[in-house]
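*Asks:*
Numbering (mature numbering (1 follows the signal peptide of the UniProt record, and there is no 0)), first residue to last: -26 to -1, 1 to 1041.
#1: When burial is assigned at 16 or more other CB atoms within 10 Å of the CB, is residue 714 buried or exposed?
#2: With distances taken from CA atoms, which of 753, 838 and 432 is nearest residue 384?
#3: If you measure from the beta carbon of residue 796 to each beta carbon in chain D, is any gap under 9 Å?
#4: Should residue 568 be listed as close to the ligand NAP, given that the test is whether its C-beta is under 8 Å from any heavy atom?
#5: Given residue 367, which residues of its chain have a CB within under 6 Å of its CB, disregarding the five upstream and five downstream residues?
#6: I'd like to confirm the pairing. Which residues does DSSP put opposite residue 649 in its beta bridges?
#7: Check whether the Cβ atoms of residue 449 and residue 466 sit closer than 9 Å, and answer yes or no.
#8: For a test of the three-state rule: what should DSSP assign to residue 524, helix, strand or coil?
#9: Measuring CB atoms only, is the stretch 53 to 64 touching the stretch 17 to 31, in the sense that at least three cross pairs come out at less than 8 Å?
#10: For residue 940, tell me which candidate among 892, 905, 917 and 949 has the shortest Cα-Cα distance.
#11: Counting only runs of 3+ residues fully inside the stretch 296 to 383, write out the beta strand (DSSP E) ranges in chain order.
#12: In terms of alpha-carbon separation, which member of 480, 1013, 594 and 748 lies closest to residue 962?
#13: Check this for me: beta carbons of residue 183 and residue 215, under 9 Å apart or not?
#14: Based on the DSSP output, what are the partners of residue 228 in its beta bridges?
#15: Given this structure, state the Cα-to-Cα distance separating residue 512 from residue 487, to the nearest angstrom.
#16: Just the C-alpha distance for residue 607 and residue 844, rounded to the nearest angstrom, thanks.
#17: Can we say the stretch 814 to 821 touches the stretch 693 to 708, given the rule of at least three CB pairs closer than 8 Å?
#18: CA-CA distance, residue 374 and residue 649?
#19: Is it right to say residue 906 is buried, meaning 16 or more other beta carbons lie within 10 angstroms of its own, or is it exposed?
#20: Nearest by alpha-carbon distance to residue 846: which of 802, 555 and 835 is it?
#21: Please go through the same chain and pick out, in chain order, the residues whose beta-carbon is closer than 8 Å to the beta-carbon of residue -5, but skip the five residues on each side of it.
#22: Report the rounded CA-to-CA distance for residue 999 versus residue 728, giving the unit in angstroms.
#23: Check this for me: beta carbons of residue 188 and residue 213, under 9 Å apart or not?
#24: So the alpha helix (DSSP H) residue 541 belongs to, where does it begin and stop?
#25: For residue 653, which option in 661, 629, 662 and 698 has the closest C-alpha, if you only look at C-alpha atoms?
#26: State buried or exposed for residue 759, treating a residue as buried only when at least 16 other CB atoms are found within 10 Å of its CB.
#27: Should residue 712 be labelled buried (16 or more other beta-carbon atoms within 10 Å of its own) or exposed?
#28: Taking just the CA atoms, how far does residue 335 sit from residue 356?
#29: Whole beta strand (DSSP E) runs in the stretch 868 to 909 with 3 or more residues, listed along the chain?
#30: Would the beta-carbon of residue 152 fall within 9 Å of that of residue 142?
#31: Do residue 284 and residue 314 come within 9 Å of each other at the CB atom, strictly closer than that value?
#32: Roughly how many angstroms separate the alpha carbons of residue 458 and residue 581, rounded to a whole number?
#33: What separation, rounded to the nearest whole angstrom, lies between the Cα atoms of residue 937 and residue 873?
#34: Would residue 919 pass as a contact of residue 944 if the rule is Cβ separation under 9 Å?
#35: Find out if the Cβ-Cβ distance for the pair residue 462, residue 439 is shorter than 9 Å.
#36: Just checking, does the stretch 85 to 101 make contact with the stretch 46 to 56 on the three C-beta pairs under 8 Å criterion?
As structure tokens, then:
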């Protein structure tokens, strides 16, 4: 049964009449102004309260707040009051907690409690107006079944609360609220709240401190607004936000744990948080966050871990975070900065991400600085994105294990790396779009996946200085107009060094510059489905070395390894080679490499530009007469124009071939085609080092011959064209050099003529030694005229020299030289033993030591050099003279020769140390007196033998020379006419003489062996004449000198003059 009543009036009346507090305990412990009261130990109160200057002390107290009971009518679903069968309203009973446990109000009110437990209250502690409460050991249990404001503690208006080992548990309210300049000092204990833990507002006192406190709350742990708090070893767990500082708060945290589901630690609007001594921050979303008005979080040591999709450290809108030796573990982003100069600095420590988000991300003018940090990322490593966002990393390592980028600068973002080790399982560095830039100085970059190590795209730029890049696949990848990669003092080792790909967003030409760097790998230009091609200009400068290699990893679209014939081709759009080199790696599986430069399109004509000391090193197997498709060589094919000069070298020593070319083949098909050019070039565009090379074991000269539109050797052969374009091309071919292209006589190497000349030069100087030694014996006979000088021992010293010209009739047409200029200078010294006197016979014996230097230079031989030899010899002589004027002179000489063979280009090509020379000479003559006073005539005949012994010589150009130990005989027939003038002074005289001889050499049809026997020229027949003088200055001293000239009597032989002078001393 229902009956209508004015409902609002009824309820109000019932509540006012029935709201009756109920308690079984003493009402309260109260101290008013000026009172100092101590509670009864062990007593229980409903409330403890001090007002004005009142003071309360208590120990082992209990505070149990009263319960308030009331009733309200029961209301039906239609809003009408329910009436029972007696016509009375049906009432509902209510019970609630509405009291305050401990309250200090008024200036200087104070309450000091020990071992006190407070329960069944709305507010545990309420301190206002410069009051103070201190509790040591105790509990506060507030908020159960209350419909009023609930808080464990409320501190307001310059008041202070000190809690030691106090546990606070609050239902449906704050654990603690401190505001308006008040102070909380809490040591030990705990705070458990169904809402937030502790809140500070406008409390900048330096004495706010929590130590060894545990906080567990359903909402936030510690919240500060314009407050200063020191937290020591605080554990905040199971909260939404662990520590939230706002509006200029100043927080210092030592050790402890902050576990926030949504946020670990937050500093906003100019707040400053310092974390030190190993703080642990855990969160399922953001770990720490600094935002607005240059808010700052500084964390030294400790651990920062997040398990959600947000960031471990997040700085936004000018916020700043400094991490020092912190361990960061994140399933989401590691470090994130965003907007208005937000900044994160991390020094030391580690950063590990295990999810799909970025390890380090700078956005929109944000900045991140890393120093000596170890970064391990399961996804992207570093990203600087948009509006000059910037990341700087100095030292440390960056390792990525996922399929994403290690370092990525995008849309004006900048990343600077210095002394960093980067290890990536996928992409290494990518600068993408709108002047994005990555700069790396020193350090290493290693990639193990199939993605490029260094990638510049759509106007991005990457600079590497003193960096080593190791890429298992692609090294450098270029896409888009004005993209740039600049290497300086760096090394890049890759399967494919350079990839040029099409960028449909901003197609055009990109640029790679390598300065004093080392590069390794092939090169490839990719074409998209519409056959569009981007271009890359590759500039190698200042000593850069590029080792061109056959790819071992390149696959087709189906993932199958490409055929090696395709992998051995490399392509570059434009190549600038300045004081640098390209080296083709050794052949793989018998396949040589080909480098294509240029596209041949009309708008890309200047595709190869060489300046200063540009070099290319090729591998070649020599052949002559083999079709171009079967030639085994690396090649350079240039589709466009060439400028400058490049020197061509060979990696391997070329070996002689088994196949002999047909001499009737056109010269422009002979040898091997090494380089072809479709555009402008000239004969000096490519040249060999030293203008020639040699093939192992052969003494012939091989040159790089240019055939082309304006070449001296004529046009290239159309059948040799590998460019697939017009037949009006240049073909640079390695070929034999010919003395006469028509006769096909091969030219020998320049130093070979020195080997041909050397035996005759040595024989010639050996004969000069004999002549001078015979002249010595002749002078001895003159000195002894009636003076008994033969009884004395003589010492003598003299010098002599000669110049000669070797002429050859056959050598010009056989070998390309016409003879040689020979120079010889010698110093002789010796001893003449006392004469042995017999019946009618006088015998002279002695020893002569000679040092001589021989030099010879082939004539009319291109690039011939002067070879210089040193000769040391010892000669024993004997002379037997009959009193009737008949005499026999005998010489036996043994010498050692050392020296170098040279040419004018490379200098020394061979050295020998153990060459030996044996000479034997016998001269028979007789002195006849003439009808004129003191004038004698001596007819003579001389028979001589010379023998040379050489070890096999190894020449620098790869062949060996067997000199075959040449020898020769000589007959000299002629006479001397001597006039002697005796002075008035005792023991002094002067003699003059003249001589004429005919010389004939024979038995000298000698040859040396290199790849075959090479017949040498003979000295032939010559006539010799000379004048001399001997002067006896005293009984012991005599001087002598002479001059001779030899003239060959045939086209082949030696003509030349010699001169000598010396002194003899007897005692």
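Even for Gly, the Cβ is constructed at its ideal location relative to N, Cα and C. Bear in mind that the values here come from a model prediction, so they are computed numbers and not experimental data.
*Replies:* From the atom records:
#1: As a first step, residue 714 must be located in the chain shown, where it is residue number 740. Per the 10 Å Cβ criterion, exposed.
#2: Taking the first residue of the chain shown as 1, we reach residue 384 at position 410. The option with the nearest alpha carbon to residue 384 is 432.
#3: Of the chains in the structure shown, none is chain D; there is only one protein chain.
#4: Among the components modelled here there is no ligand, and therefore nothing to report on the ligand NAP.
#5: Taking the chain shown and counting its residues from 1, the one referred to as residue 367 is at position 393. Excluding residues within five positions, the ones whose Cβ falls inside 6 Å are 344, 391 and 394.
#6: Locating residue 649 in the chain shown gives position 675, counting from the first residue. Looking at the DSSP assignment, residue 649 forms a beta bridge with 610 and 706.
#7: Here residue 449 is taken as the residue at index 475 of the chain shown, counted from 1. Here residue 466 is taken as the residue at index 492 of the chain shown, counted from 1. Yes. Within cutoff.
#8: Stepping through the chain shown from its first residue, residue 524 is reached at position 550. Coil, per DSSP.
#9: no
#10: As a position in the chain shown, residue 940 is number 966, starting the count at 1. Here the closest residue by C-alpha is 892.
#11: 301 to 304, 307 to 312, 317 to 321, 324 to 327, 334 to 337, 341 to 345, 348 to 351, 356 to 359, 364 to 368 and 371 to 374
#12: Here residue 962 refers to the residue found at position 988 when the chain shown is read from its first residue. Answer by Cα proximity: 1013.
#13: Here residue 183 is taken as the residue at index 209 of the chain shown, counted from 1. Here residue 215 is taken as the residue at index 241 of the chain shown, counted from 1. No; because the gap between Cβ atoms is not below 9 Å, this pair is not in contact.
#14: The residue given as residue 228 occupies position 254 in the chain shown. DSSP, once it has assigned bridges, lists 206 and 250 as partnering residue 228.
#15: The residue given as residue 512 occupies position 538 in the chain shown. The residue given as residue 487 occupies position 513 in the chain shown. Rounded to whole angstroms, residue 512 to residue 487 spans 6 Å at the Cα level.
#16: Reading the chain shown from its first residue, position 633 is the one you call residue 607. Reading the chain shown from its first residue, position 870 is the one you call residue 844. Answer to the nearest angstrom: the Cα atoms are 44 Å apart.
#17: no
#18: Mapped onto the chain shown, residue 374 falls at position 400. Mapped onto the chain shown, residue 649 falls at position 675. Residue 374 and residue 649: Cα-Cα distance of roughly 43 Å.
#19: Here residue 906 refers to the residue found at position 932 when the chain shown is read from its first residue. Counting Cβ neighbours within 10 Å, residue 906 comes out exposed, since fewer than 16 surround it.
#20: What you label residue 846 is simply residue 872 of the chain shown in a count that begins at 1. Ranking the options by Cα distance to residue 846, first place goes to 802.
#21: Stepping through the chain shown from its first residue, residue -5 is reached at position 22. With a pLDDT of 48 at residue -5, under the threshold of 50, the modelled position of this residue cannot be trusted, and the question is left open.
#22: Counting from one through the chain shown, the residue named residue 999 turns up at place 1025. Counting from one through the chain shown, the residue named residue 728 turns up at place 754. Those two C-alpha atoms are separated by around 29 Å.
#23: In the chain shown, counting from the first residue as 1, residue 188 sits at position 214. In the chain shown, counting from the first residue as 1, residue 213 sits at position 239. Taking 9 Å as the Cβ cut-off, residue 188 and residue 213 do not qualify as a contacting pair.
#24: Taking the chain shown and counting its residues from 1, one reaches residue 541 at position 567. Counting along the chain, the alpha helix (DSSP H) containing residue 541 begins and ends at 538 to 541.
#25: Locating residue 653 in the chain shown gives position 679, counting from the first residue. It is 698.
#26: Here residue 759 corresponds to residue number 785 of the chain shown, with the count starting at 1. Note that residue 759 scores a pLDDT of 42, beneath 50, so its modelled location is shaky and nothing firm can be said.
#27: Your numbering for residue 712 matches position 738 in the chain shown. Burial call: buried.
#28: Translated into positions along the chain shown, residue 356 becomes position 382. Translated into positions along the chain shown, residue 335 becomes position 361. Taking the straight line joining both Cα atoms gives about 6 Å.
#29: 881 to 900
#30: As a working mapping, residue 152 is identified with position 178 in the chain shown. As a working mapping, residue 142 is identified with position 168 in the chain shown. In this structure, residue 142 does not lie closer than 9 Å to residue 152 by Cβ.
#31: Position 340 of the chain shown, counted from the start, is the residue given in the question as residue 314. Position 310 of the chain shown, counted from the start, is the residue given in the question as residue 284. Not in contact: residue 314 and residue 284 (Cβ atoms no closer than 9 Å).
#32: Counted from its first residue, the chain shown places residue 458 at position 484. Counted from its first residue, the chain shown places residue 581 at position 607. If you take the alpha carbons of residue 458 and residue 581, they lie about 18 Å apart.
#33: Position 963 of the chain shown holds residue 937. Position 899 of the chain shown holds residue 873. Computed Cα separation, rounded: 15 Å.
#34: On the chain shown, residue 919 is found 945 positions in, with the first residue counted as 1. On the chain shown, residue 944 is found 970 positions in, with the first residue counted as 1. Cβ distance < 9 Å, so residue 919 and residue 944 count as in contact.
#35: By one-based count along the chain shown, residue 462 stands at place 488. By one-based count along the chain shown, residue 439 stands at place 465. Yes, Cβ-Cβ distance for residue 462 and residue 439 is below 9 Å.
#36: no
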